[in-house]
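Novice: Numbering (this note's numbering), first residue to last: 4 to 254. Here a beta-carbon is modelled for each residue, glycine too, at the ideal position from N, C-alpha and C. So that we are looking at the same thing, I have put the structure below in structure tokens.
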């Protein structure tokens, strides 16, 4: 769910496709409720092992600090994406089709998992940039690495990234309220996450935050470019060492 651009009218467009046919609906159900949870379980297990290994190695290296934070963010993202209340709300007919009391409780659980999902996701995309930057300094400025990259600066960078990803989502939660309405299409009442007046009173801020999350896609480009540059530099370094070795033998 896009936390900055979602209305009650959109809930019938989420999840299953009622008019797509039973085969497509079955495939979609398998992907959402079988394949994705299985992948998330494997991902959580793998990242948990990584946490144990990194913890055993210690955090004297800035790389270990960044990798530890990345593993935690990945775990939180997968847990948030597979929250039961979140799946109940966003898939199928959309909304919480339960008695009002149960729907209200699930609504709060839904926002807890949605918050985790939308904070850990950008965090997991931002940390690789820090890792790439650290490797960039190590490859291109090896003699100044320990001066530029320190444990304290690494921790500060991670904390700043946490602030920029977690605080906006706390504010965004005030854009929503629980609404229990009658749906004549299904002849039943449903719990919805409706907009509050706060959201409509500050459309510019909503637009700004929305573009902040949309910019996460550029993180992939930055990491890819940095990785390519590092790879080229390492290849050139290896070539220079090979050439020097050949010249030494010729002498």
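1. Check whether the Cβ atoms of residue 112 and residue 86 sit closer than 8 Å, and answer yes or no.
2. Pick out the complete alpha helix (DSSP H) segments inside the stretch 133-199, 4 residues or longer, and give them in chain order.
3. Would you mind reading off the limits of the alpha helix (DSSP H) that contains residue 94?
4. Once the 5 residues before and after residue 176 are set aside, which same chain residues still bring their CB inside 8 Å of it?
5. Comparing alpha-carbon positions, which option in 101, 54, 41 lies nearest residue 262?
6. Confirm, please, whether the CB-CB distance from residue 164 to residue 213 is below 8 Å.
7. For residue 157 versus residue 125, is the C-beta spacing smaller than 8 Å?
8. Starting from residue 60, follow the alpha helix (DSSP H) in both directions and report where the run begins and ends.
9. Compare the beta carbon distance of residue 77 and residue 97 with 8 Å and say whether it is the shorter of the two.
10. Tell me which same chain residues have a C-beta within less than 7 Å of the C-beta of residue 99, skipping the five on either side of it?
11. Helix, strand or coil for residue 213? Go by DSSP, reduced to three states.
12. Is it buried or exposed for residue 68, if we count other Cβ within 10 angstroms and need 16 for buried?
13. Can you tell which of 141, 33, 179 has its C-alpha closest to the C-alpha of residue 64?
14. In chain order, what residues of the same chain lie with their CB nearer than 8 Å to the CB of residue 196, ignoring the 5 residues before and after it?
15. Among the residues of its own chain, which have a CB less than 7 Å from the CB of residue 185, if the five just before and after it don't count?
16. Do you know whose CA, among 116, 150, 189, lies nearest residue 173's CA?
17. With distances taken from CA atoms, which of 202, 171, 121 is nearest residue 80?
18. Less than 8 Å between the CB atoms is what I'm expecting for residue 151 and residue 143, so what's the real figure, rounded?
19. Would you tell me roughly how many angstroms separate the C-alpha atoms of residue 58 and residue 72, rounded to the nearest one?
20. If you measure from the CB of residue 41, is any heavy atom of the ligand MN nearer than 7 Å?
21. So is residue 211 buried or exposed if we call it buried at 16+ other beta carbons inside 10 Å?
22. Nearest-angstrom Cα distance between residue 34 and residue 160?
23. Give me, in chain order, the residues of the same chain whose beta-carbon lies closer than 7 Å to that of residue 4; leave out the 5 immediate sequence neighbours on both sides.
Specialist: Taking the definition as stated:
1. Contact flag set, yes.
2. Listed in chain order, the complete alpha helix (DSSP H) runs (minimum 4 residues) inside the stretch 133-199 are 148-151, 154-175.
3. For residue 94, no alpha helix (DSSP H) encloses it, and the DSSP letter there is neither H nor E.
4. Non-local C-beta neighbours of residue 176 in its own chain, meaning closer than 8 Å and more than five positions away in sequence, comprise 114, 118, ordered along the chain.
5. There is simply no residue 262 to check, as the chain begins at 4 and stops at 254 in what is shown.
6. Not closer than 8 Å, so no.
7. In this structure, residue 157 keeps its C-beta atom at 8 Å or more from the C-beta atom of residue 125.
8. Run containing residue 60: 39-60, per the alpha helix (DSSP H) assignment.
9. Residue 77 places its beta carbon 8 Å or farther from that of residue 97.
10. Hits under 7 Å: 91, 92, 106, 109, 110, 193, 194.
11. Residue 213 falls in the helix class under three-state DSSP.
12. Residue 68 comes out buried.
13. When only C-alpha atoms are compared, the closest one is 141.
14. Closer than 8 Å at the Cβ level, and outside the excluded window around residue 196, lie 9, 92, 110, 113, 114, 179, 180, 181, 182.
15. Listed in chain order, the non-local C-beta contacts of residue 185 below 7 Å within the same chain comprise 192, local neighbours out to five positions each way being set aside.
16. Selected option, being the one with the closest Cα: 116.
17. For residue 80, the closest alpha carbon among the candidates 202, 171, 121 is that of 121.
18. Taking a contact as a CB-CB distance under 8 Å, the pair residue 151 and residue 143 does not count as one, their CB atoms being some 10 Å apart.
19. Each residue's Cα considered, the two are about 11 Å apart.
20. Within the structure as shown, the ligand MN is missing, as the structure has no ligands at all.
21. Counting Cβ neighbours within 10 Å, residue 211 comes out exposed, since fewer than 16 surround it.
22. For the pair residue 34 and residue 160, the Cα-to-Cα distance works out to about 36 Å.
23. No answer about residue 4 holds up, because its pLDDT of 48 lies below 50 and its placement is not dependable.
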